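Okay, so the sequence shown: first residue is 2 according to our numbering, each after it adds one.
C-beta atoms are modelled at their ideal positions from N, C-alpha and C, and glycine is treated no differently.
Since this is a predicted model, take the numbers as computed values, not measurements.
To start, the structure itself, in structure tokens.
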Amino acid sequence: MIDLSVESLSQSILNHLHRMAHTEQSADTQAWYQALASALSEQTNHDLISTEQFCEQHALRHVNYLSMEFLIGRLTANNLINMDLYQLAQQTLAQWQVELADVLEQERDPALGNGGLGRLAACYLDGLVSQGYPAVGYGLHYEYGLFKQYFESNQQRETADCWQGERGYPWQVKRPELNQEVGFFGHVEVYRDEQGKMRRRWHTSMNVKGVAWDIPVLGYRNQCVMPLRLWEAQAIEPFEFERFDASDYTGAHQSQIDASNITQLLYPNDNHQQGKRLRLMQQYFHCACSLRDILRRHLGAGHRLETLPQLQTIQLNDTHPAIAIPELMRLLLDEYHYEWKQAWQICQQTFAYTNHTLLPEALERWSEALIKEVLPRHMEIIFEINYRLLLEVDKHWPDDIEKRSTLSIIQEQPYRQVRMANLCVAGSYKVNGVAAMHSELVKQNLFPEFDALYPNRLCNVTNGITPRRWLKQCNPALASWLDRHVGEQWPLQLDDLRDIEPLATQPQAQQEYMAIKRQNKQRLAAWVEKNLGIALNVDAIFDVQIKRLHEYKRQHLNLLHILSLYYRILHEPDFEMHPRVFIFAAKAAPGYVFAKQIIHAINCVAQVINQDERVGDKLKIVFIPDYRVSVAELIVPAADVSEQISMAGKEASGTGNMKLALNGAITMGTLDGANVEIAEEVGDENLFIFGLTVEEIDGLDQQGYQPMHFVHCSPLLTQTLDFMMDEQFGHEVIADMAAIRHNLEHADPYKVLADFDAYVAAQKSLEESYLDTAKWAEMAMLNTARMGKFSSDRSIQDYVNQIWRLQSIESVHTQQAAQG
Numbered sequence: 002m003i004d005l006s007v008e009s010l011s012q013s014i015l016n017h018l019h020r021m022a023h024t025e026q027s028a029d030t031q032a033w034y035q036a037l038a039s040a041l042s043e044q045t046n047h048d049l050i051s052t053e054q055f056c057e058q059h060a061l062r063h064v065n066y067l068s069m070e071f072l073i074g075r076l077t078a079n080n081l082i083n084m085d086l087y088q089l090a091q092q093t094l095a096q097w098q099v100e101l102a103d104v105l106e107q108e109r110d111p112a113l114g115n116g117g118l119g120r121l122a123a124c125y126l127d128g129l130v131s132q133g134y135p136a137v138g139y140g141l142h143y144e145y146g147l148f149k150q151y152f153e154s155n156q157q158r159e160t161a162d163c164w165q166g167e168r169g170y171p172w173q174v175k176r177p178e179l180n181q182e183v184g185f186f187g188h189v190e191v192y193r194d195e196q197g198k199m200r201r202r203w204h205t206s207m208n209v210k211g212v213a214w215d216i217p218v219l220g221y222r223n224q225c226v227m228p229l230r231l232w233e234a235q236a237i238e239p240f241e242f243e244r245f246d247a248s249d250y251t252g253a254h255q256s257q258i259d260a261s262n263i264t265q266l267l268y269p270n271d272n273h274q275q276g277k278r279l280r281l282m283q284q285y286f287h288c289a290c291s292l293r294d295i296l297r298r299h300l301g302a303g304h305r306l307e308t309l310p311q312l313q314t315i316q317l318n319d320t321h322p323a324i325a326i327p328e329l330m331r332l333l334l335d336e337y338h339y340e341w342k343q344a345w346q347i348c349q350q351t352f353a354y355t356n357h358t359l360l361p362e363a364l365e366r367w368s369e370a371l372i373k374e375v376l377p378r379h380m381e382i383i384f385e386i387n388y389r390l391l392l393e394v395d396k397h398w399p400d401d402i403e404k405r406s407t408l409s410i411i412q413e414q415p416y417r418q419v420r421m422a423n424l425c426v427a428g429s430y431k432v433n434g435v436a437a438m439h440s441e442l443v444k445q446n447l448f449p450e451f452d453a454l455y456p457n458r459l460c461n462v463t464n465g466i467t468p469r470r471w472l473k474q475c476n477p478a479l480a481s482w483l484d485r486h487v488g489e490q491w492p493l494q495l496d497d498l499r500d501i502e503p504l505a506t507q508p509q510a511q512q513e514y515m516a517i518k519r520q521n522k523q524r525l526a527a528w529v530e531k532n533l534g535i536a537l538n539v540d541a542i543f544d545v546q547i548k549r550l551h552e553y554k555r556q557h558l559n560l561l562h563i564l565s566l567y568y569r570i571l572h573e574p575d576f577e578m579h580p581r582v583f584i585f586a587a588k589a590a591p592g593y594v595f596a597k598q599i600i601h602a603i604n605c606v607a608q609v610i611n612q613d614e615r616v617g618d619k620l621k622i623v624f625i626p627d628y629r630v631s632v633a634e635l636i637v638p639a640a641d642v643s644e645q646i647s648m649a650g651k652e653a654s655g656t657g658n659m660k661l662a663l664n665g666a667i668t669m670g671t672l673d674g675a676n677v678e679i680a681e682e683v684g685d686e687n688l689f690i691f692g693l694t695v696e697e698i699d700g701l702d703q704q705g706y707q708p709m710h711f712v713h714c715s716p717l718l719t720q721t722l723d724f725m726m727d728e729q730f731g732h733e734v735i736a737d738m739a740a741i742r743h744n745l746e747h748a749d750p751y752k753v754l755a756d757f758d759a760y761v762a763a764q765k766s767l768e769e770s771y772l773d774t775a776k777w778a779e780m781a782m783l784n785t786a787r788m789g790k791f792s793s794d795r796s797i798q799d800y801v802n803q804i805w806r807l808q809s810i811e812s813v814h815t816q817q818a819a820q821g
């Protein structure tokens, strides 16, 4: 382990305080945080260098994980746990009467992602490094990340999230020696090389600098550190002296403004042409910098490009980095002068692709015209890839126009677009879904023709979460309890939690477990009262839905159920219910109007219910603003119920369902995504499944879905939809309520009304189970005990075995020891 004492850590902290012109007496809590994190970062940099040198020395195959999002969360507490220095840090700071808990609260979450995609990427880096597999994460160094959410008049508002703060982010290290240059626009020149062969050369008209920033990713107590490498766009010449000297003060900085726009914001709004262009530039900048860095490492170690697939694999996390495929082809063809056949062989054996969605709107398509404008050479290469793909299709299905149209990378109607998912499948050696059900739907519904054309290319790797952050760090009381009962190896061997199964029926163990849950509920309730001014009854059922706000995730189904409970409290004198606290946290994309209408509706209903004396403590609604990793770490341990209620067949996997179940929340869910596998692991009797299956939904669609049929058949649903329009919720929300109701009654694309009665019945069954305290405790404990499959360590092992073919650092050490 890391060799640090109170004395050495104290000296390092003081050195950093003094560099910031602070003394022990003048330092505020933010300064103590900066000094502590900087002192720890020094230690991790030594391990990062030694890890990189070991991997290079032994020519270990790397996975390069390309993702537009990495929601890494606060790092200091997590790294203290992984370095086994938490208690040492507490003791060191206590010398100056400084509380570690207060210092850790000064850290802002790095806003480098949006939701599950980014959190998954962070979990996978954690799993890779904790198991000692060589890896580099590649992302973008967003200046403002997504956005900081706040509510004004109950509506979502967005402001820039300055996650680095005024004093900077102490865990990142600038790496100028790794900087890259990337070009855009321009034209393609055809010329003959010295051997008389026709070649192409891309002359760019805009060039920017890719500045490298490394954030260390620490393995769990193994001194293995690998980089998350983030690229920031800057101008090559950020200041034009002549223009400034000629009084063109704004123009003198224009090149820097144009360059910095590329990495200023995660996912610029793309409902206009300028936004689309900027988003494509962002994706290409990410891929171009990352590929150049991969080739730099590969060639710098003395390897030939022909061996790239043997020593490097590139995982595309969704379609956002898909442009990496034609970019690698461009490099091989135009800069290294490979012939097409060999270049394509290298390319196709290097990339692997993770599909995260079946939603058509989430499968990226870029217009041919836009790619031609921004990346003219890449459009030529995409055409050639498609031409050769269609030759394969014709060979497999002669004269089948429909197959050509389906598999083509170019979509012809309503205008010519590039299907990035098709490009990924054609250019990768493996394509995986992220849950067993999702992967089957990928094969059956999304890519059945590709599955036939390329047998064994499509596979499944069920998602996982890191138990280090999502139990040991976020739920320390439960983690300590587990240490006592199953030993201290469970953070690396989550299946060890099975050992608590016999305790699930023992009254003493049940009481201890549920006492921890109650402590976590009290902690969340105190935070809510302090920050939102809402007093919560901790004996109520804490019912949680925390995830991105999207129609398919069906937060509006949850809202309808809440409205039905409120209606019954007011209009049915004999109606009884156990107190409920419904907790939401979610961001809606700035341009997603309907999602914002749902947020507005939930907040307006919450305002009325929370102030209604007739309701008292029976019903409360809390919508926590600015959902992020640190907020999730507060909510997850406190949850009694985990709402996973997307329409069946739409959620690829989910990872929030795993985090909540691991911490003893009972799933209320549909047979969708990883809910199916969670039910298989924890047992059908230990969660609540409701709603239509994928097959039943297909049947409804074939018949012609009529949402009003379900309204006419359900008096409670009819009453609830009418109650939505009650004037007590405020005139300012009536238009949004009407929009939600109109959507449900006239379209209802995600079958909210079809599932309403089943959802209400399942909620009633859940409440009955909660009232049986022994039964509920047993269910919660068995959820924790049986979640071993959903560790990111298992996911990583599946990737290693099925796709990446990596060798761990530990295995090399073992081999060396065996050889003497």
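- Beta-bridge analysis with DSSP links G617 to no other residue.
- With 16 or more neighbouring CB atoms inside 10 Å of its own CB, P228 falls in the buried class.
- If the five residues before and after Q156 are omitted, its C-beta is found closer than 6 Å to the C-beta atoms of H601, all from its own chain and listed in chain order.
- Within a 10 Å sphere around the beta-carbon of R298 sit 16 or more other beta-carbons, which makes this residue buried.
- Of the other Cβ atoms in all chains shown, 16 or more fall within 10 Å of the Cβ of Y134; this residue is therefore buried.
- Shown here for K765: not one same chain residue has a beta carbon closer than 8 Å to its own, the five before and five after excluded.
- Residue state for H579 is assigned as coil, using DSSP reduced to three classes.
- The alpha-carbon of Y268 is positioned some 35 Å away from that of I610.
- Residues of the same chain with a CB within less than 7 Å of the CB of L101, apart from the 5 flanking positions on each side, are A90, Q91, L94 in chain order.
- Taken atom to atom, the span from the alpha-carbon of Q729 to that of A589 is near 25 Å.
- Taking every protein chain shown into account, the CB of N423 has 16 or more other CB atoms within 10 angstroms, so this residue is buried.
- The C-beta distance from L442 to P468 rounds to 28 Å, too long to fall under 8 Å, and the pair is not in contact.
- Residue state for S647 is assigned as coil, using DSSP reduced to three classes.
- For Y139, the enclosing beta strand (DSSP E) covers residues 136-141.
- Going by DSSP, K277 is part of the alpha helix (DSSP H) stretching over 274-301.
- S206 sits in coil when the DSSP states are folded into three classes, being neither helix nor strand.
- Judged by their CB atoms, L67 and I315 are nearer to each other than the 9 Å cut-off.
- DSSP places V761 in the uninterrupted alpha helix (DSSP H) bounded by 753-772.
- Around the C-beta of V191, fewer than 16 other C-beta atoms lie within 10 Å, and the residue is accordingly described as exposed.
- As summarised for the segment 335-392, the continuous alpha helix (DSSP H) elements at least 4 residues long and confined to that stretch are 341-349, 369-375, given in chain order.
- With contacts defined as CB atoms closer than 9 Å, E652 and K790 fail to qualify as a contacting pair.
- Contact check for K621 against N538 passes: the beta carbons are separated by less than 9 Å.
- Restricting attention to I584, L566, W491, the CA atom closest to the CA of L533 is found in I584.
- The Cβ atoms of I636 and I646 do not sit closer than 9 Å to each other.
- The beta carbon of Q720 sits closer than 7 Å to those of Y568, all from its chain and outside the five residues before and after it, given in chain order.
- Given a length threshold of 3 residues, each whole run of the beta strand (DSSP E) inside the segment 141-204 is given here in chain order: 149-153, 156-160, 181-185, 188-193, 199-204.
- For P327, the enclosing alpha helix (DSSP H) begins and ends at 325-331.
- Around I804, the same chain offers A353, K431 as residues with beta carbons nearer than 6 Å, after the five sequence neighbours per side are excluded.
- Where Y87 is concerned, the enclosing alpha helix (DSSP H) starts and stops at 87-95.
- In the three-state reduction of the DSSP assignment, G670 falls in the strand class.
- Contact annotation: G128 and S792 have beta-carbon atoms nearer than 9 Å.
- From the listed residues V64, L672, A666, the smallest Cα separation to Q311 is found for V64.
- Ranked by how close their Cα comes to the Cα of F148, the residues R629, S715, R222, K776 have R629 in first place.
- In chain order, L754, A755 place their CB closer than 6 Å to the CB of F711, counting only its own chain and leaving out the 5 sequence neighbours on each side.
- Looking at the DSSP output, E233 sits in a beta bridge with V212.
- Out of H287, H338, C460, L459, the CA that lies nearest to the CA of G197 is found in H338.
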